[in-house]
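Chemist: Next up is a structure, given as structure tokens.
Protein chains: 2
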Amino acid sequence: MRRVSSPTFSPLYQQIKGLLLEGLRSGEWRPGEAIPSEVDLAARYRVSQGTVRKAIDELAAENLLLRRQGKGTFVATHGEPQVRFRFLRLAPDAGKPVVPDRQLLEFRRTRAPVELARALGLRAGDPAVMLQRRLVFAGDPVVFEDVWLPGNLFKGLTPQAVSEHKGALYNLFETDFGTRMVRAEERVKAVAADASAAKQLAVEIGHPLLQVERVSFTYGDKPVEWRRGLYKTDRYFYRSELG
Amino acid sequence: MRRVSSPTFSPLYQQIKGLLLEGLRSGEWRPGEAIPSEVDLAARYRVSQGTVRKAIDELAAENLLLRRQGKGTFVATHGEPQVRFRFLRLAPDAGKPVVPDRQLLEFRRTRAPVELARALGLRAGDPAVMLQRRLVFAGDPVVFEDVWLPGNLFKGLTPQAVSEHKGALYNLFETDFGTRMVRAEERVKAVAADASAAKQLAVEIGHPLLQVERVSFTYGDKPVEWRRGLYKTDRYFYRSELG
DNA sequence: GAGTGGTCTAGACCACTAG
DNA sequence: TAGTGGTCTAGACCACTCC
Chain A
38 MRRVSSPTFS
48 PLYQQIKGLL
58 LEGLRSGEWR
68 PGEAIPSEVD
78 LAARYRVSQG
88 TVRKAIDELA
98 AENLLLRRQG
108 KGTFVATHGE
118 PQVRFRFLRL
128 APDAGKPVVP
138 DRQLLEFRRT
148 RAPVELARAL
158 GLRAGDPAVM
168 LQRRLVFAGD
178 PVVFEDVWLP
188 GNLFKGLTPQ
198 AVSEHKGALY
208 NLFETDFGTR
218 MVRAEERVKA
228 VAADASAAKQ
238 LAVEIGHPLL
248 QVERVSFTYG
258 DKPVEWRRGL
268 YKTDRYFYRS
278 ELG
Chain B
38 MRRVSSPTFS
48 PLYQQIKGLL
58 LEGLRSGEWR
68 PGEAIPSEVD
78 LAARYRVSQG
88 TVRKAIDELA
98 AENLLLRRQG
108 KGTFVATHGE
118 PQVRFRFLRL
128 APDAGKPVVP
138 DRQLLEFRRT
148 RAPVELARAL
158 GLRAGDPAVM
168 LQRRLVFAGD
178 PVVFEDVWLP
188 GNLFKGLTPQ
198 AVSEHKGALY
208 NLFETDFGTR
218 MVRAEERVKA
228 VAADASAAKQ
238 LAVEIGHPLL
248 QVERVSFTYG
258 DKPVEWRRGL
268 YKTDRYFYRS
278 ELG
């Protein structure tokens with residue numbers, strides 16, 4: 038590995054980072070698995086261990102890799118409980134967070150509406166999967182949401198698989214479809230419950246609800262999921278950290 | 038600087054980081070100013086430049102310091118525009134973000150209610166400052182909020198200073214009172230507008246609004262501000278990034 | 001040209017894990 | 001005991017800013 042001295046200067050460790058990212062994207066190392074040790078990677082790419090280290094440091098800071106002293110460096114996964122609360126930002130006003138009961142209400146293979154196509158970089162009319170579900174926390178229905186996915190990336194996805202799966206959807210996506218959600222952007226508004234939301238969340242029509250729209254991204258900032266959720270925030274709140 | 042080999046092992050660079058933090062907290066280096074160069078700090082603390090570097094790296098990652106190649110390392114400040122949007126998470130549905138017009142509606146020196154005292158680690162009845170304001174974006178009233186501060190930390194704060202100040206409140210706090218807000222936690226809910234909110238935000242009573250409660254922290258995770266805001270999200274949304 | 005942060009290397013040693 | 005990541009050092013050189 039030799040650096041190119043050039044006007045568009047890119048540090049060696051950034052190039053190594055790119056190679057590691059490519060390995061993650063291509064599935065060379067799968068979620069939960071260990072990547073090669075720092076010395077191995079240094080030998081493979083013909084750079085010093087310190088340079089590999091800096092590349093891994095950045096990927097670990099972005100939560101793509103997980104370092105464990107004495108054991109190795111692992112591909113991050115949605116299996117670990119602490120990751121879950123990075124993506125489900127709902128917490129109870131009082132008491133400890135509970136794992137919700139997930140109810141699948143609808144599952145449909147269809148074609149992408151224009152709005153979805155634009156959000157995910159598809160063409161309008163491309164195959165899409167829509168699923169609608171409800172999250173019930175300790176008997177209390179709190180979330181009612183639609184999830185949209187590109188049909189081509191989730192060919193074998195069935196309502197049975199979703200219903201029977203224990204754990205987060207993202208866990209299913211990464212283990213069965215090789216698509217790992219890395220980060221997401223949400224747009225939050227306050228809206229009034231319409232008839233169907235009111236029914237599903239056991240509130241009156243017009244009741245204030247949190248509307249959360251999410252676009253999720255996989256490696257390389259590629260958008261691969263769109264959601265719209267309605268949250269009943271009477272006894273729960275949406276956590277946000279500013280820094 | 039010599040490391041203590043001990044059961045409670047703390048790396049050298051963490052100790053350096055602590056010393057730098059103490060310098061920030063004490064005001065030895067003020068917001069916007071440059072801290073000493075890496076070689077100077079290395080000499081002062083009798084460690085290698087690499088060790089100082091790692092300490093600074095972490096502080097820069099936490100947005101406490103700002104590195105500028107060729108110039109130096111600077112204490113972060115709320116003066117820079119990009120920082121502003123880290124704390125004001127409201128963005129318009131369409132068009133570019135605009136700087137709001139800030140209207141001070143009320144300013145009161147009073148005593149801390151129990152709820153505030155608990156949030157900020159005060160005693161109930163301690164001096165407190167309450168101010169109420171409205172943010173108007175391009176003629177549209179969007180935010181109506183109460184801000185509570187510990188009275189002792191903001192002794193010289195006057196309604197005139199707040200009204201006349203151009204820029205974010207946090208800018209005023211750090212320049213005039215030496216208190217820099219470093220991070221914050223927000224709890225977001227959907228609520229129905231009451232009479233006063235409806236009047237201030239030009240909506241009907243019962244209109245869905247975003248309720249945003251914030252606790253802000255200064256160096257050392259010390260809570261020093263509490264806010265409750267009501268946001269009209271008809272044409273604006275609350276940004277959140279999950280990673 | 002001098003001074004700053006940024007990159008890269010090579011090597012020594014430490015802390016942690018597992019067989 | 002061997003292998004992993006984590007720390008620390010010393011030194012060379014690069015990129016950027018300012019005078």
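Respectively, the protein sequence lines represent chains A and B.
Under my numbering, read the first sequence as residues 38 to 280, first letter to last.
Under my numbering, read the second sequence as residues 38 to 280, first letter to last.
Glycine residues also receive a C-beta, built at the ideal position from the N, C-alpha and C atoms.
In this text the structure is predicted, and so the values were computed from the model without any measurement.
(1) Count the other CB atoms, across all protein chains shown, that sit within 10 Å of the CB of A/F274; report buried if there are 16 or more and exposed otherwise.
(2) When DSSP labels each residue in this structure, what does A/Q237 get in the three-state scheme?
(3) When the cut-off is 8 Å and only beta carbons count, does A/Y275 lie next to chain B?
(4) Within 10 angstroms of the Cβ of A/G266, are there 16 or more other Cβ atoms? Answer buried if so, exposed if not.
(5) Between B/N100 and chain A, is the shortest Cβ-Cβ distance under 8 Å, so that the two count as touching?
(6) Which whole-angstrom value is the C-beta distance of A/N189 and A/P150, which I expect to be below 8 Å?
(7) Taking only beta-carbon positions, decide if A/V136 is within less than 8 Å of chain B.
(8) Indicate whether the contact test is met: 3 or more Cβ pairs, each with one atom in the stretch 164–175 of chain A and one in the stretch 134–149 of chain A, closer than 8 Å.
(9) A/V219 by DSSP, collapsed to three states: which one?
(10) Consult DSSP for B/S277 and reduce its assignment to one of helix, strand or coil.
(11) Cβ atoms of B/V252 and B/A227: under 8 Å apart, would you say?
(12) Starting from the beta carbon of B/A227, find every residue of chain A whose beta carbon is closer than 7 Å, and list them in chain order.
(13) Suppose the cutoff is 6 Å on Cβ atoms and the five residues either side in sequence are ignored; what does the same chain contact list for B/V199 look like?
(14) Are B/E206 and B/W185 closer than 8 Å when you measure CB to CB?
(15) Tell me A/K259's beta-bridge partners as DSSP assigns them.
(16) What is the rounded straight-line gap between the Cα of B/A92 and the Cα of A/T88?
(17) A/G109 lies in the beta strand (DSSP E); which residues open and close that run?
(18) Is A/R104 closer than 8 Å to A/A113 when the C-beta atoms are compared?
(19) State the start and end residues of the unbroken alpha helix (DSSP H) segment that holds B/R155.
(20) Going by alpha carbons, who is nearest to A/L159 out of A/F46, A/M218, A/K269 and A/E262?
(21) Tell whether a beta-carbon distance below 8 Å holds between A/A230 and A/L246.
(22) DSSP three-state label for A/F124, please.
(23) If you drop the 5 nearest sequence neighbours on each side, which residues of the same chain put their C-beta closer than 7 Å to that of B/R40?
(24) In the DSSP assignment, what are the bridge partners of B/W185?
(25) DSSP on B/A232, reduced to helix/strand/coil?
(26) Where does the unbroken beta strand (DSSP E) through A/F144 begin, and where does it stop?
(27) Just curious, the alpha helix (DSSP H) that B/R62 is in, first and last residue?
(28) Leaving out five residues before and five after B/G280 in sequence, what residues of the same chain have Cβ atoms less than 7 Å from its Cβ?
(29) Is the Cβ-Cβ distance between B/Q6 and B/E201 less than 8 Å?
(30) Answer with buried or exposed for A/Q51, where buried requires no fewer than 16 other C-beta atoms within 10 angstroms of its C-beta.
(31) Measure the alpha-carbon distance for B/E99 versus A/N100 and round it to whole angstroms.
(32) Spatial neighbours of B/F68 within its chain, please: C-beta separation below 8 Å, excluding the five flanking residues on both sides.
(33) Of all Cβ atoms in chain B, is any one closer than 8 Å to the Cβ of A/E278?
(34) Tell me, please, which residues DSSP counts as bridged to B/Q248.
(35) Whole angstroms is fine: what's the gap from A/F214's alpha carbon to A/T110's?
Modeler: Working from what's here:
(1) buried
(2) In the structure shown, the three-state DSSP call for A/Q237 is helix.
(3) With respect to chain B, the C-beta atom of A/Y275 has a partner C-beta closer than 8 Å.
(4) buried
(5) yes
(6) The Cβ separation is near 16 Å, so there is no contact.
(7) no
(8) Under the Cβ criterion (8 Å, minimum of three pairs), the stretch 164–175 of chain A counts as touching the stretch 134–149 of chain A.
(9) coil
(10) strand
(11) no
(12) A227, P245, L246, L247 and T270
(13) L141
(14) According to the sequence as given, residue 206 of chain B is Leu; it is not Glu. Cβ distance not < 8 Å, so B/L206 and B/W185 don't count as in contact.
(15) A/T255
(16) Each residue's Cα considered, the two are about 18 Å apart.
(17) From DSSP, the beta strand (DSSP E) with A/G109 extends over G109 to V112.
(18) no
(19) V151 to L157
(20) A/E262
(21) yes
(22) helix
(23) With a pLDDT of 46 at B/R40, under the threshold of 50, the modelled position of that residue is not reliable, and no figure is offered here.
(24) B/M167 and B/W263
(25) helix
(26) If you look at A/F144, you'll find it in the beta strand (DSSP E) that goes D138 to R148.
(27) Segment L49 to S63, the alpha helix (DSSP H) holding B/R62.
(28) none
(29) What is shown of chain B runs 38 to 280, which leaves residue 6 of chain B out entirely.
(30) exposed
(31) 16 Å
(32) Correcting the residue type first, residue 68 of chain B is Pro in the shown sequence and not Phe. Excluding residues within five positions, the ones whose Cβ falls inside 8 Å are V112, A113, T114, H115, G116, E211, T212 and R217.
(33) yes
(34) Paired residues: B/K226 and B/L267.
(35) 23 Å
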